[in-house]
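Residue numbers (the numbering used here): 1285 to 1560.
Backbone N, C-alpha and C fix where the C-beta goes; we use that ideal spot for every residue, glycine too.
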Amino acid sequence: MPAVQFAVFGHPISHSLSPRIHHAFAQQFGIELEYRAIDAAPTQFDAAVRRFFDAGGAGANVTLPHKAAAFALGDERSLAASRAGTANVLTRLADGRLAAHNTDGDGMLRDLTERHRVDLRGRHALLLGAGGAAHGVAWHLLDAGVQMLTIVNRSPEAAHALVHAMGEPARARTRNWDELADLGGHDLIVNATSAGVLGVALQLPFTLLGSGAVCYDLSYGNAASGFLGWARAAGARYACDGLGMLVETAADAFALWHGRRPDTEPVYRWLRQQAA
Ligand code: NDP
C-alpha cells in the first residue's frame, strides 16, 4: 500500500525543517508517510495545492508567503484560522473539500507555558509586529490570561486593525513604534516581526523589560540572534527563540491528521542539538 502523502508548501522552501519533524513524529508510531517540500511561486500556489490533493494528498502545511492564500482555499475554517485570517494547515475532508486551520497560537502557547513554564496570567505583554504570525498569536495571549496586551507595529495601521479585530479594548491596545521608549516595563515581550529574517536589527530600548521579563522571538536560528542578544543584554529572565513553537505547531498538524499526539521533546532536543 503506498504511504499516505503530506507536504509543506512555501517559496522558498528548501530550508524547511517540516519534513524532518513529521518523519521523526511518524517514527514514534511506526507510521509510513511521505512528506515532501513543494516550492510553489505565489501565482502557482492554488493550482499546486489542487494538484497535490487531487493526486491523493491528505494534508499540507503552508508557510511564507502562502498563508493568506491557504486560508482563502479553505472550504471550512477553524476559529484560529478565522481570527488570524491565515492558515498554515490544510486538510482534505472525506468529501474532498479542504479545511483550513492555524496552529501558530496554540503552538507558541504550548512552548511558552509548558516547555518554558511561563505563567502568563495577569501579565503585561508587548507584541512587536502585526503581520500574519502576530495575528496568529495575539488572541491566544489573551486566552492564556495576559492582563494587558500592547501591540506595536512599524506601520501603525496594521496594529490598529489587529486590536480593532480583537474587540477587547480593556485588554488590548496599540502604541506607535516611536513611543516604545515611553512604554515602561513588560513581563513578556514577543518579537513577531520578520526583521531578523530580513537581516535588520531592531533598535529597542532596555526600558521595555520589567523585572524578571521573558523575551520570545517567533523566529529561530540566526534570525533570532539579534533580538535574543538584546534581551540578554537588557537582563531578561528567559530569552527564547521560536524553534519550540515550530515543533509544537507541527505536532498539532500531526495530531489533526493522524489522531495521535507525538512526543515533541525528543524532536525539539534533536533539532536544538543540530542547530548548536
Ligand atoms: P509577515 O510578513 O506577515 O509580517 C512581518 C511583520 O514584521 C510586520 O508586522 C512588519 O511590519 C514587521 N517588520 C518587518 N521588517 C521590520 C523592521 N525592519 N522593523 C520593524 N518591523 C518590521 O510575517 P509573519 O508574521 O508571517 O512572520 C513573522 C516572523 O515570525 C518571521 O520571522 C517568521 O519566520 C516567524 N514565524 C515563526 C513561526 C514558528 O513556528 N516559529 C511561525 C510563524 C512565523 P510592517 O507591517 O510595518 O511591514
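According to DSSP, what are the bridge partners of residue i?
{"i": "D1323", "result": "G1294"}
{"i": "D1501", "result": "N1475"}
{"i": "G1369", "result": "According to DSSP, which records beta bridges pairwise, G1369 is partnered with nothing at all."}
{"i": "E1549", "result": "For E1549, which the question treats as bridged, DSSP gives no partner whatsoever."}
{"i": "H1562", "result": "Residue 1562 lies beyond the stretch modelled for the chain, which goes from 1285 to 1560, so this question has no answer here."}
{"i": "L1426", "result": "According to DSSP, which records beta bridges pairwise, L1426 is partnered with nothing at all."}
{"i": "A1344", "result": "A1291 and L1374"}
{"i": "R1304", "result": "Paired residue(s): none; R1304 is not in a bridge."}
{"i": "T1434", "result": "L1410 and R1457"}
{"i": "L1317", "result": "V1288"}
Verify whether the separation of the beta carbon atoms of residue i and residue j is less than 7 Å.
{"i": "T1533", "j": "G1415", "result": "no"}
{"i": "R1401", "j": "T1434", "result": "no"}
{"i": "T1477", "j": "G1413", "result": "yes"}
{"i": "A1324", "j": "A1332", "result": "yes"}
{"i": "Q1311", "j": "P1546", "result": "no"}
{"i": "W1461", "j": "V1436", "result": "yes"}
{"i": "L1530", "j": "A1523", "result": "no"}
{"i": "R1455", "j": "L1426", "result": "yes"}
{"i": "V1421", "j": "R1407", "result": "no"}
{"i": "A1365", "j": "D1388", "result": "no"}
{"i": "Y1319", "j": "P1296", "result": "no"}
{"i": "S1503", "j": "G1528", "result": "no"}
{"i": "V1498", "j": "L1467", "result": "no"}
{"i": "A1339", "j": "L1317", "result": "no"}
{"i": "T1548", "j": "A1535", "result": "yes"}
Using the rule of at least 16 other Cβ atoms within 10 Å of the residue's Cβ for burial, across every protein chain shown, is residue i buried or exposed?
{"i": "H1419", "result": "buried"}
{"i": "A1409", "result": "buried"}
{"i": "V1484", "result": "exposed"}
{"i": "L1363", "result": "exposed"}
{"i": "N1386", "result": "buried"}
{"i": "H1306", "result": "buried"}
{"i": "D1395", "result": "buried"}
{"i": "I1470", "result": "Looking at the sequence itself, residue 1470 is His, so the reference to Ile does not match. With 16 or more Cβ atoms within 10 Å of its Cβ, H1470 is classed as buried."}
{"i": "D1501", "result": "buried"}
{"i": "H1350", "result": "buried"}
{"i": "H1424", "result": "buried"}
{"i": "D1359", "result": "exposed"}
{"i": "A1507", "result": "buried"}
{"i": "R1544", "result": "exposed"}
{"i": "R1361", "result": "buried"}
Quick one: is the Cβ of residue i within less than 6 Å of any heavy atom of ligand 1?
{"i": "N1506", "result": "no"}
{"i": "R1438", "result": "yes"}
{"i": "S1298", "result": "no"}
{"i": "A1414", "result": "yes"}
{"i": "A1442", "result": "yes"}
{"i": "T1533", "result": "yes"}
{"i": "D1536", "result": "no"}
{"i": "T1458", "result": "no"}
{"i": "T1477", "result": "yes"}
{"i": "M1529", "result": "yes"}
{"i": "S1503", "result": "yes"}
{"i": "V1484", "result": "yes"}
{"i": "A1568", "result": "What the structure shows of the chain is the stretch from 1285 to 1560, and residue 1568 is not part of that stretch, so it cannot be assessed."}
{"i": "V1481", "result": "yes"}
{"i": "G1526", "result": "yes"}
{"i": "D1388", "result": "yes"}
For the structure I just gave you, are there three or more beta carbon pairs, one from the segment 1535–1543 and one from the segment 1375–1390, closer than 8 Å?
yes
Inter-stretch contact at 8 Å, needing at least 3 Cβ pairs: the segment 1378–1387 / the segment 1350–1359:
yes
Would you check if the segment 1513–1533 and the segment 1489–1498 touch, i.e. whether three or more CB-CB distances between them fall below 8 Å?
Short answer: they touch.
Using 8 Å as the cut-off, can you tell me whether the segment 1329–1348 makes contact with the segment 1291–1302, which would need three or more C-beta pairs spanning the two stretches below that distance?
yes
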